[in-house]
Amino acid sequence: MLAPDRGVTPLRPAEDFIRDVEALRTQARENLDRGAVSAAYGADLERVVQMLQTALATELVCVLRYRQHHYAATGMDAEPIAAEFLAHSEEELGHAGLIAARISQLGSNPDFSPSTLEGRAHSEYVEADSLRAMVTENLVAERVAVAAYTDIIEWLGSSDPTTRRMLEQILAVEEEHADDLASMLDGLPAATGPA
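Note that the numbering used here has the sequence shown beginning at -7, numbered continuously upward.
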């Protein structure tokens, strides 16, 4: 004998759904100035935008750090690592674009102010004096991003699925970056000399 399935909610009658559709249509006509943010939005909008502004700043700081390291990298092992820094910089710039677009969708303006950028970011802008130090600083920043995005995704839960999915995609790339950097670090001698 099969045990009853306690986790399945029975389907609602069709007439209930039709009434729900009418209610959705009525709600959709309210607060048109809120754009994509409807009455169904379940998250704390102000807090979500604040976290996204921090994520945007983090991505932009990473773009700048990776670029600086790309151009400053020298030495026997520098060429492939510098190329990887540039590729990571491009991907971080893409993340910044996704986050800025989502901030706009949520009815706010993305904050690109250079005067407060590093102070708002999770990661730091660190110029390093050796190739190994550059890889290390970028790995630290990626690990910070992974932890921060994981926390935000967990906090969002199902309250803002669009933002959550975007951040999950970004998180997957940040994890790849961390893995790449950990492999690079493992392949570098303990001291590689000046950058």
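Note that beta-carbon positions come from the ideal geometry of N, C-alpha and C, so glycine has one too.
Contact check, residue i vs residue j under 8 Å by CB: the rounded distance?
i	j	result
threonine 142	leucine 173	At roughly 18 Å, the Cβ-Cβ gap does not stay under 8 Å, so threonine 142 and leucine 173 are not in contact.
glutamate 134	histidine 169	5 Å
leucine 62	alanine 74	Checking the displayed sequence, the identity of residue 62 turns out to be histidine instead of leucine. Yes, histidine 62 and alanine 74 are in contact; Cβ-Cβ is about 5 Å, under 8 Å.
For residue i, name the three-state secondary structure that DSSP assigns.
i	result
serine 81	helix
threonine 66	coil
alanine 187	Residue placement at alanine 187 is flagged as unreliable, the pLDDT there being 46, under the threshold of 50; the coordinate-derived value follows with that caveat. Coil.
leucine 180	coil
valine 127	helix
glycine 89	helix
methionine -7	Only weak support is given to the placement of methionine -7: the predicted model assigns it a pLDDT of 47, under 50, and the value that follows is read from those uncertain coordinates. Methionine -7: coil per DSSP, three-state reduction.
alanine 120	coil
Exposed or buried, which one is residue i when buried takes at least 16 other CB atoms within 10 Å?
i	result
methionine 176	buried
arginine 17	exposed
phenylalanine 104	exposed
threonine 154	exposed
alanine 58	The question names alanine, yet the displayed sequence has tyrosine at residue 58. Tyrosine 58 comes out buried.
glycine 185	The predicted position of glycine 185 is uncertain, since its pLDDT is 45 and thus under 50; no value can be drawn from it.
glutamate 76	buried
proline 102	buried
glutamate 71	exposed
alanine 137	buried
alanine 113	buried
Using only alpha-carbon positions, find the residue among the options that is nearest to residue i.
i	options	result
glutamate 167	Val127, Ala139, Val40 and Ala182	Ala139
glutamate 51	Arg124, Gly149 and Glu82	Glu82
alanine 35	Ala182, Asp178 and Arg156	Arg156
leucine 123	Ile91, Gly67 and Ser107	Gly67
glutamate 84	Asp121, Ser115, Ile144 and Ala120	Ser115
aspartate 152	Arg94, Met126 and Ala113	Arg94
Does any residue of chain D bring its CB to less than 8 Å from the CB of residue i?
i	result
aspartate 69	Absent from the structure: chain D. Only one protein chain is present.
Quiz item: Would you say the region 92 to 103 touches the region 32 to 46, given that touching needs at least three Cβ pairs under 8 Å?
Solution: yes
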